[in-house]
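The block underneath contains the structure these notes are about, expressed in C-alpha cells.
Residue numbers (the working numbering): 247 to 918.
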C-alpha cells in the first residue's frame, strides 16, 4: 500500500512536469505540506450510524482516514472523493492525513459524535461582518450534534440549506436591509432534529459618497419604465470600481427615470456641486438631475448637463449653487434624455458610479470660499494698538487694483505692539476636508511675517502658521498648511501682519480667505496683468485689454487689467476675439474656466482652442447665467483631441448679430 502511494505521487509530479518545455522540476523545491486540512461528516438520519466522510485541504492529493473505532487499517481516498463507514452511538476521534505532491504530509484529528437522540442545548451565534454590513456570519453549538443545516431566510421557500460542520462558520450576503429569520437545524445520527430561529437585522445607511460597492440596492429604484440594478462593472477602462449602478430606460414614459433615497437629508451648506461618473452608449445625451424633498415633491432643484457619451466613462458635474438650504433633500432623481421614450436596448443602457458632492467644479482640487468681505462685516476687530476694518472699491488707494468690491485694511500704527493684529468670525472651518487656507494680501514690503491663527469659540484650541510676503506694493496669495491642526470647531481667524516687528504706521490689505484641499491647483494661463497678450477681434467687433481705472463705475470684482469685448452694432453673429496662450496642458487639466461679465443672461459664450495652424480645433459652449455681474464659466475639454493648443478664441452671444453690448473677461485658467 505504501509503495503504491509513492508511485502515485511520483506519477503526478512527472505528469505535471511534462507540461513544461524544459522538464524543469525546480518548482518542487517550493512545494509545502498541505494546509487547512479538515473533513466533512454527513450522518444519515435513519438511526443506522452510516457516516459519509469527505476530506479536503489546500495542496492535498490523497488522504489516509483513520476511522477512530476498532478498524485497524486506515482508508485511502483521493482528493474530491468520499468514504462511508457505519458507527454505533458514541464519540470518535477521526484522523485525517493529507499527502501532497512531494509526499509532504499534514495530520489533523476531528471529533465525530454519533447519536440517535435529538441534539440538545442548541445555541446560534450571528455576527454582522465588520467589512460588509450586508454579510452575516453564523455559527452554532449543540450537545449531541454531528452537523448543522443553516437557512438564512425562512421566508424564501426555495432556499437550499447550507451545511455547517461542528466549529465551522458559514456566511451569507443579503441584497438589502431588513429583518431576516435565520434558522439552524442541528443534526445527529437519528431521525430527530433540533432547530432554532434567530432574527438578524441588516442595516446600512445610504449616504454620499455612493460607490455601489457596499450599497442597499432596495434604495435604488426606477419608475416610468426604467429598471435599475447594482451590477459588476462592465467596463473597468476608465473606472476600476467593482460595482456600478445600471439604469435601463424602457417604454412607455418620456419621463422615466431612477431615484436613490438617502437615509438622511443631504447637507448642502457648503458643497453645492454634485459630481458623478457616467457611462453613456451614445454621444450628446442629456442628463437631468433633480434633488427632491423626501415627503414633498414640490420642493426640489434641477440641473442638466450633456454627456460626451460614446461608450466610455466620463465625469459630469451639476451646479446646485442656487439650492434653498432652508429645505431638506433626500431623493437623488436622474433622467436620461428626458422627453424621449426609451426602448430598453443597449442604446438605452447607462451606468453610474461615484456620486458625491464637491465645493466647486474644479475636479479633485476643491476650494471653499470662507470670507470675501463683500457682504456684511464679519466683525473685524484689532488689538495691540492697531486698527482694522473694511473699505470699498471706491475708497482704495489709486492703483491698488486686484480687489473685489470690499477688502480688509489693517494699519499697524506707530507704537503698535509687535504682536498687534486683527480678528474676525468665520463659519465653522471644515479642516477635515480642506487642509490648506489661503489669503490674498497686499504688503508695502517683502519679507514681512504674516501669521494666520485659527481658534475655537473659547480659544481653548488654536493653531497658527507663518508665511512671508514675497512682493512689494502688490497683491499675492499666501497659502497656509493646516493639515497638522488638531480637530476642533474653528470659528475665528486672526491675522498678524509683520509679526515680531513694532508698528511703524504701515498699512496692509487682505481679501478672500479660502479653504483648499490637496488636489492639483488651477493653472492661471492668462490674467491679462503685466505684459498682456495681443487681443484681436474679428467679425466687425472690437476687443482689447483695459486697466482698472478705465473700467465703468461699479463693475468691481476685477483685477488691475481685464479683457473687454464690444459686439458692435452690425457685427457678425460669429464675431469674437482671440489671443495667444502657452501650450495648454490638457493632460493634467481637463477643464478651462473664464471669469466673464455679461450685460445679459442666457448669452452663448463659446470657447474654442486651436493649434498653431488651426488644423486641430475644439470648442465648447456655455451660457451666461447672470446679468451685469461677474461669474466663472467652466468648460469641459476632456474630449479634445491631443494637440499643442496655443490659441484661445471667445465668441460672446454667439449666433446673435451685434447690438453694441460690451462684455468683459479675465483669468483664463486650467482646472482639473
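Heads up, the beta-carbon is just placed ideally off N, CA and C, and yes, glycines get one too.
So if DSSP puts residue i in a beta bridge, which residue, or which two residues, is it bridged to?
i           : result
residue 418 : 382
residue 840 : 879
residue 809 : 791 and 911
residue 388 : Answer is none; residue 388 lacks a bridge partner.
residue 299 : 287 and 329
residue 394 : 410 and 432
residue 850 : 869
residue 891 : 857
residue 720 : 689
residue 677 : Residue 677 is not bridged to any residue.
residue 580 : 504 and 535
residue 213 : With the chain covering 247 to 918 only, the question about residue 213 has no answer from this structure.
Let's see if you can read the secondary structure: which residues bound the beta strand (DSSP E) around residue i?
i           : result
residue 633 : 633 to 638
residue 603 : 595 to 604
residue 310 : 308 to 312
residue 444 : 440 to 448
residue 671 : 667 to 671
residue 688 : 682 to 689
residue 293 : Where residue 293 is concerned, there is no enclosing beta strand (DSSP E), given that its DSSP letter is neither H nor E.
residue 819 : First-last for residue 819: undefined, no H or E at that position.
residue 702 : 695 to 702
residue 786 : No beta strand (DSSP E) contains residue 786, which DSSP labels as neither H nor E.
residue 710 : 708 to 714
residue 862 : Run containing residue 862: none; DSSP gives neither H nor E here.
residue 758 : 752 to 762
residue 656 : 652 to 658
residue 630 : Per DSSP, residue 630 belongs to no beta strand (DSSP E) and is neither H nor E.
residue 739 : 736 to 743
For residue i, count neighbouring C-beta atoms within 10 Å of its own C-beta (all shown protein chains included) and say buried if the count is 16 or more, exposed if not.
i           : result
residue 337 : exposed
residue 423 : buried
residue 725 : exposed
residue 282 : exposed
residue 826 : exposed
residue 330 : exposed
residue 853 : buried
residue 469 : exposed
residue 280 : buried
residue 906 : exposed
residue 594 : buried
residue 898 : buried
residue 686 : buried
residue 832 : buried
residue 437 : exposed
residue 276 : exposed
residue 525 : buried
residue 583 : buried
residue 915 : buried
residue 837 : buried
residue 904 : buried
residue 493 : buried
residue 772 : buried
residue 413 : exposed
Roughly how far, in whole angstroms, is the beta-carbon of residue i from the beta-carbon of residue j, given that I think they are within contact range, below 8 Å?
i           : j           : result
residue 537 : residue 569 : 7 Å
residue 711 : residue 728 : 6 Å
residue 830 : residue 855 : 6 Å
residue 753 : residue 657 : 5 Å
residue 491 : residue 425 : Not confirmed; about 25 Å, so no contact.
residue 715 : residue 693 : 6 Å
residue 840 : residue 913 : 7 Å
residue 417 : residue 453 : With a Cβ gap of about 25 Å, residue 417 and residue 453 do not count as contacting.
residue 472 : residue 502 : 5 Å
residue 309 : residue 344 : 6 Å
residue 478 : residue 463 : Not a contact, Cβ separation roughly 13 Å.
residue 819 : residue 902 : 6 Å
residue 386 : residue 359 : About 14 Å separates the two Cβ atoms, so there is no contact after all.
residue 683 : residue 759 : 7 Å
residue 547 : residue 504 : Rounded, the Cβ-Cβ distance is 18 Å, inconsistent with contact.
residue 507 : residue 429 : Rounded, the Cβ-Cβ distance is 31 Å, inconsistent with contact.
Is the beta carbon of residue i within less than 8 Å of some heavy atom of the ligand ADP?
i           : result
residue 787 : Absence of the ligand ADP is noted for the structure shown, with no ligands found whatsoever.
For residue i, would you say it is in contact with chain D, using Cβ-to-Cβ distances shorter than 9 Å as the test?
i           : result
residue 782 : Looking at the structure shown, chain D is missing, and only one protein chain is on hand.
Start-end ranges of the beta strand (DSSP E) lying completely within the region 318 to 376, minimum 3 residues: Under the rule that a run must span 3 or more residues, the beta strand (DSSP E) segments found entirely inside the region 318 to 376 read 321 to 324, 329 to 332, 336 to 345, 351 to 360 and 366 to 374.
Entirely enclosed beta strand (DSSP E) segments - the region 541 to 570, minimum 3 residues: 546 to 552 and 558 to 565
Complete beta strand (DSSP E) runs within the region 433 to 518 (minimum length 3 residues, chain order): 440 to 448, 466 to 469, 472 to 478, 489 to 495 and 503 to 507, all fully within the region 433 to 518.
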